[in-house]
Amino acid sequence: MATNDTVIWTLMIVVLVVFISQSCVHGESQVPCFFIFGDSLADNGNNNHLKTPAKANYLPYGIDFPKGPTGRFTNGRTFVDIIAELLGFENPIPCFATTRRPKDMVRGLNYASGSAGMRDETGTHMGANVNLNKQLLNHKLQSSTLLL
Numbered sequence: 004m005a006t007n008d009t010v011i012w013t014l015m016i017v018v019l020v021v022f023i024s025q026s027c028v029h030g031e032s033q034v035p036c037f038f039i040f041g042d043s044l045a046d047n048g049n050n051n052h053l054k055t056p057a058k059a060n061y062l063p064y065g066i067d068f069p070k071g072p073t074g075r076f077t078n079g080r081t082f083v084d085i086i087a088e089l090l091g092f093e094n095p096i097p098c099f100a101t102t103r104r105p106k107d108m109v110r111g112l113n114y115a116s117g118s119a120g121m122r123d124e125t126g127t128h129m130g131a132n133v134n135l136n137k138q139l140l141n142h143k144l145q146s147s148t149l150l151l
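Heads up: the sequence shown is residues 4 to 151, going by the working numbering.
This is the structure:
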């Protein structure tokens with residue numbers, strides 16, 4: 004008799020955990036906005052508009068991404084795309100280089116740039132990039148315009 008009760012309680016807990024996890028994934032956004040800083044692991048198209056060979060806006064990049072090659076240095080989504088989805092965002096966070104609508108900027112921006120690094124000179128042998136200091140400056144300038 005005790006084993007039947009244990010099985011029932013275990014099943015009830017498993018069902019409860021499944022329902023809770025589903026509401027977390029498909030529920031409201033867990034955070035109001037998401038700002039991304041980084042290098043090629045997080046870049047989603049900022050390098051497309053720079054004078055650099057460090058670009059990923061052509062095949063085979065993006066073959067598993069719904070919109071094809073976008074500038075992501077992967078064949079599909081980046082890890083920040085996956086994190087954004089888990090946080091409740093419906094669409095990937097837009098890249099800073101092409102986003103001009105305040106509505107999109109309020110939910111977050113991706114400042115990452117392939118070949119960038121923490122030091123200003125990192126990756127400069129590959130041409131232009133947006134290093135961490137420039138990414139932070141862009142964010143500071145962008146944030147100040149949103150506050151006005």
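Note that the Cβ used here is the ideal one computed from N, Cα and C, for glycine as well.
Computed from a predicted model, the values in this text were never measured in an experiment.
| task | Consider the Cβ of Thr-73: report whether some Cβ of chain D lies at a distance smaller than 8 Å. | result | Protein chains in the displayed structure number just one, and chain D is not present.
| request: Look at the alpha carbon of His-142 and the alpha carbon of Leu-112, and state the distance between them as a whole number of angstroms. | output: Working through the sequence shown from its first residue, we reach residue 142 at position 139. Working through the sequence shown from its first residue, we reach residue 112 at position 109. Each residue's Cα considered, the two are about 9 Å apart.
| Which residues mark the beginning and the end of the alpha helix (DSSP H) in which Ala-100 is found? | As a working note, residue 100 is residue 97 in the sequence shown. Counting along the chain, Ala-100 falls outside any alpha helix (DSSP H), and DSSP gives it neither H nor E.
| message | Output needed for Phe-92: all residues of its chain with C-beta closer than 8 Å, excluding positions within five of it in sequence on either side, in chain order. | response | Taking the first residue of the sequence shown as 1, we reach residue 92 at position 89. So the qualifying residues of the chain are Ser-32, Phe-37, Arg-110 and Gly-111.
| Residues that DSSP places opposite Arg-122 in a beta bridge | On the sequence shown, position 119 is the one that residue 122 refers to. Per DSSP, none; premise fails for Arg-122.
| Tell me the DSSP bridge mates of Ile-39? | Residue numbering aside, residue 39 sits at position 36 when the sequence shown is read from its first letter. Ile-39 is bridged to Asn-113.
| field | Distance, Ile-96 Cα to Val-20 Cα | value | Within the sequence shown, the letter at position 17 stands for residue 20. Within the sequence shown, the letter at position 93 stands for residue 96. Taking the straight line from one Cα to the other gives about 28 Å.
| Expressed to the nearest angstrom, what Euclidean distance is found between the alpha-carbon atoms of Gly-48 and Asn-134? | Residue numbering aside, residue 48 sits at position 45 when the sequence shown is read from its first letter. Residue numbering aside, residue 134 sits at position 131 when the sequence shown is read from its first letter. Each residue's Cα considered, the two are about 15 Å apart.
| message | Between the alpha carbons of Gly-1 and Met-15, how many angstroms are there, rounded? | response | Lying before the first or after the last residue shown, residue 1 is absent from the chain, which here runs from 4 to 151.
| message | Just to confirm before moving on: does the CB-CB distance between Ala-57 and Gly-117 stay below 8 Å? | response | Within the sequence shown, residue 57 is the residue found at index 54, counting from 1. Within the sequence shown, residue 117 is the residue found at index 114, counting from 1. Yes; because the gap between Cβ atoms is below 8 Å, this pair is in contact.
| query | Just how far apart, CA to CA, sit Thr-81 and Leu-149? | reply | Indexing the sequence shown from 1 puts residue 81 at position 78. Indexing the sequence shown from 1 puts residue 149 at position 146. Roughly 27 Å separates the two Cα atoms.
| query | Quick one: what does DSSP say Asn-47 is sitting in, helix, strand or coil? | reply | Within the sequence shown, residue 47 is the residue found at index 44, counting from 1. Looking at Asn-47 - three-state DSSP - the assignment turns out to be strand.
| message | Need the endpoints of the alpha helix (DSSP H) that Ala-131 sits in, please. | response | As a position in the sequence shown, residue 131 is number 128, starting the count at 1. Where Ala-131 is concerned, there is no enclosing alpha helix (DSSP H), given that its DSSP letter is neither H nor E.
| field | C-beta contact flag for Gly-71 and Ala-59 at 8 Å | value | Against the sequence shown, residue 71 aligns to sequence position 68. Against the sequence shown, residue 59 aligns to sequence position 56. For Gly-71 and Ala-59, no; Cβs fall outside 8 Å.
| query | Based on the DSSP output, what are the partners of Arg-75 in its beta bridges? | reply | What you label residue 75 is simply residue 72 of the sequence shown in a count that begins at 1. Answer is Asn-47.
| If we call anything under 8 Å between Cβ atoms a contact, is Ala-100 one with Asn-51? | The count along the sequence shown starts at 1 and reaches residue 100 at position 97. The count along the sequence shown starts at 1 and reaches residue 51 at position 48. A contact, by the Cβ cut-off of 8 Å.
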